[in-house]
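Under this note's numbering, think of the first position of the sequence shown as 647, with each following residue one higher.
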Amino acid sequence: MNLYKIFIVLLSVTFLAACSNAPRYSGSSYQKPPVNSQHYVTTLSEVRQQLLRQFKRWEGTPYRYGGRSLNGVDCSAFVQNTYRVKFNKRIPRTTRTQIKVGKSVKKSQLRVGDIVFFKTGRNSMHNGIYMGNAKFMHASSSKGVTISSLNHNYWRKRYLTSRRVL
647 MNLYKIFIVL
657 LSVTFLAACS
667 NAPRYSGSSY
677 QKPPVNSQHY
687 VTTLSEVRQQ
697 LLRQFKRWEG
707 TPYRYGGRSL
717 NGVDCSAFVQ
727 NTYRVKFNKR
737 IPRTTRTQIK
747 VGKSVKKSQL
757 RVGDIVFFKT
767 GRNSMHNGIY
777 MGNAKFMHAS
787 SSKGVTISSL
797 NHNYWRKRYL
807 TSRRVL
């Protein structure tokens, strides 16, 4: 195998890893949690309101592998930041570690705020936060931070599992 082919293979493997192995990003920091973080969200309506506020702030933020700011963010950093800022809940940084927190939830029993996971390639995963009505918000590599449907053919075929952390 010549050097060019080796380079292409290595580049492909790196690209396919996407969010599942996101590196630490040293760019501008996350949005800080509210000063009065003693308030805990107690109802699904409150959870949804907080998620919508987060979405309005981040909507359209471009996808950036390893990114953690409004200049660019990847899926797992967006999920991590949302949980920390809106719910004062600390979760791990990568998709591969986030899939291990909380408890497993059947797709038919999803609740607003659950984390949904997808297998997007041989060695890559993606995640987002369930919004209700078969919708989830996430940092899409093609659209940036957006809301998509679990029923869309692409996501339906790649759905892997869900976790409840709240």
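Every residue, glycine too, gets a C-beta built ideally from N, C-alpha and C. Keep in mind it's a predicted model, so treat the numbers as computed, not measured.
8 Å contact criterion, which T689 and V791 should meet: CB distance rounded: In the sequence shown, counting from the first residue as 1, residue 689 sits at position 43. In the sequence shown, counting from the first residue as 1, residue 791 sits at position 145. With a Cβ gap of about 24 Å, T689 and V791 do not count as contacting.
Sequence-distant residues of the same chain with beta carbon closer than 6 Å to F701, five excluded per side: Numbered from its first residue, the sequence shown carries residue 701 at position 55. Closer than 6 Å at Cβ, skipping near neighbours: M783.
In DSSP terms, what M771 is bridged to: Start at 1 with the first residue of the sequence shown, and residue 771 comes out as number 125. Partner(s): K765.
Cα-Cα separation between S750 and K781, rounded to whole angstroms: Here residue 750 corresponds to residue number 104 of the sequence shown, with the count starting at 1. Here residue 781 corresponds to residue number 135 of the sequence shown, with the count starting at 1. If you take the alpha carbons of S750 and K781, they lie about 18 Å apart.
Cβ pair R694, G778 closer than 8 Å: As a working mapping, residue 694 is identified with position 48 in the sequence shown. As a working mapping, residue 778 is identified with position 132 in the sequence shown. Yes. Within cutoff.
Length-filtered (4 minimum) alpha helix (DSSP H) runs lying within the stretch 723-756: 741-744
Three-state secondary structure (DSSP) of K789: Looking up residue 789 in the sequence shown gives position 143. If DSSP states are grouped into helix, strand and coil, K789 belongs with coil.
Collapsed DSSP secondary structure at V758 in the structure displayed: Counting from 1 along the sequence shown, the entry for residue 758 is found at position 112. Coil, per DSSP.
Coarse secondary structure for Y800, derived from DSSP in three states: The residue you call residue 800 lines up with position 154 of the sequence shown. Helix, per DSSP.
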